Amino acid sequence: MLDATREALAELGWGGLTMGHVATRAGVAKTTLYRRWPSKNELVVDAVASLFDELVMPDLGSLRADIEAVVTQFADLLARPETQAALLALFAEGTRDRQLRRRIREAIVDPQKRLVRQGRAAAQTRGELAQDCDEATAREEIDIIFDTIAGTVEHRVLVSGEPITPEWTRRFTGLLLGPFPSLLGD
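Counted from 1, the sequence shown has number 52 at position 52 by the working numbering; the numbering is strictly sequential.
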């Protein structure tokens with residue numbers, strides 16, 4: 001049903017997408033959809049959120065390698081036509097609907113911050129980053145790091161239409177780690 005939602009969204013756009021289209025494409029009754037998702041907004045958010053479940057934070061032995069790997073995964077996910085169509089439609093609709101924007105944050109954005117938390121914890125364990133001084137500061141820094149990485153990659157792929165190459169990823173990671181010259185490995 002989630003695959004059918006993304007396919008229908010890519011084909012029909014937000015305005016053309018209905019629960020009926022999704023039900024037909026998925027081969028289920030509309031009542032089946034409505035039992036699980038009370039609205040199109042909820043269905044589309046879950047369909048997009050499920051894409052991001054594929055992302056994992058590897059532990060490749062260095063913060064640089066971990067960042068490069070997750071940026072590459074994220075860029076590959078964003079390069080898929082169904083991801084692009086679904087995200088752009090969801091973001092556009094979210095600008096007009098506060099409840100939808102809240103659901104996007106709760107179901108997509110906040111859960112993906114786990115990648116930053118995991119990468120940060122691994123780097124702290126390896127001694128690459130200092131331990132957090134307090135929880136509030138750590139949360140703020142995680143938010144900033146997430147926004148920086150996600151915003152930059154989304155802008156490059158979805159807005160500029162530019163590719164994320166291995167060289168671009170290395171340079172981007174170098175800029176992120178710039179304040180920490182010992183981590184650059186150059």
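Every residue, glycine too, gets a C-beta built ideally from N, C-alpha and C.
These numbers come from a predicted model, not from an experiment.
Distance, Cα to Cα, Gly13 vs Ala23?
The residue labelled residue 13 in the question sits at position 13 within the sequence shown. The residue labelled residue 23 in the question sits at position 23 within the sequence shown. If you take the alpha carbons of Gly13 and Ala23, they lie about 16 Å apart.
Exposure label - Val56; buried when at least 16 CB within 10 Å:
Along the sequence shown, read from residue 1 onward, the residue named residue 56 stands at position 56. Answer is exposed; the Cβ neighbour count stays below 16.
When we look at the beta-carbon of Asp66 and count the other beta-carbons within 10 Å, is it buried (16 or more) or exposed?
The residue labelled residue 66 in the question sits at position 66 within the sequence shown. By the 10 Å Cβ count, Asp66 comes out buried.
Select from Leu90, Ala150 and Leu129 the residue whose C-alpha is nearest the C-alpha of Asp110.
Numbered from 1 along the sequence shown, position 110 holds the residue referred to as residue 110. Ranking the options by Cα distance to Asp110, first place goes to Ala150.
Quick check on Val159: buried or exposed, where buried means 16 or more other Cβ atoms within 10 Å of its Cβ?
If you number the sequence shown from 1, residue 159 lands on position 159. The residue is exposed, with fewer than 16 neighbouring Cβ atoms inside 10 Å.
For Ala75 versus Val157, is the C-beta spacing smaller than 8 Å?
Here residue 75 refers to the residue found at position 75 when the sequence shown is read from its first residue. Here residue 157 refers to the residue found at position 157 when the sequence shown is read from its first residue. Yes.
Sufficient close CB pairs (3 or more, under 8 Å) joining the stretch 31–42 to the stretch 110–120:
no
8 Å Cβ cutoff met for Leu43 and Thr95:
The residue given as residue 43 occupies position 43 in the sequence shown. The residue given as residue 95 occupies position 95 in the sequence shown. Not closer than 8 Å, so no.
If the criterion is Cβ atoms closer than 8 Å, does the pair Ser62 and Glu128 meet it?
Stepping through the sequence shown from its first residue, residue 62 is reached at position 62. Stepping through the sequence shown from its first residue, residue 128 is reached at position 128. For Ser62 and Glu128, yes; Cβs fall inside 8 Å.
Expressed to the nearest angstrom, what Euclidean distance is found between the alpha-carbon atoms of Asp59 and Thr72?
Translated into positions along the sequence shown, residue 59 becomes position 59. Translated into positions along the sequence shown, residue 72 becomes position 72. For Asp59 and Thr72, the distance between alpha carbons rounds to 14 Å.
Per DSSP, what kind of secondary structure is Thr31 in: helix, strand or coil?
The sequence position of residue 31 within the sequence shown is 31, counting from 1. DSSP places Thr31 in helix when its eight states are reduced to three.
Residues near Gly185 by beta carbon distance below 8 Å, same chain, minus five either side
In the sequence shown, the residue the question calls residue 185 occupies position 185. Confidence is the limiting factor: at Gly185 the pLDDT is only 49, short of 50, which leaves the residue's position unreliable, though a coordinate-based value still follows. Excluding residues within five positions, the ones whose Cβ falls inside 8 Å are Ser62 and Arg64.
The alpha helix (DSSP H) enclosing Thr152, as first and last residue numbers
If you number the sequence shown from 1, residue 152 lands on position 152. Note, Thr152: alpha helix (DSSP H), Glu135 to Glu154.
Is DSSP giving Gln84 helix, strand or coil here?
Sequence index remark: in the sequence shown, residue 84 carries index 84 (1-based). Helix, per DSSP.
Start-end ranges of the alpha helix (DSSP H) lying completely within the stretch 96–125, minimum 4 residues:
98–104 and 110–125
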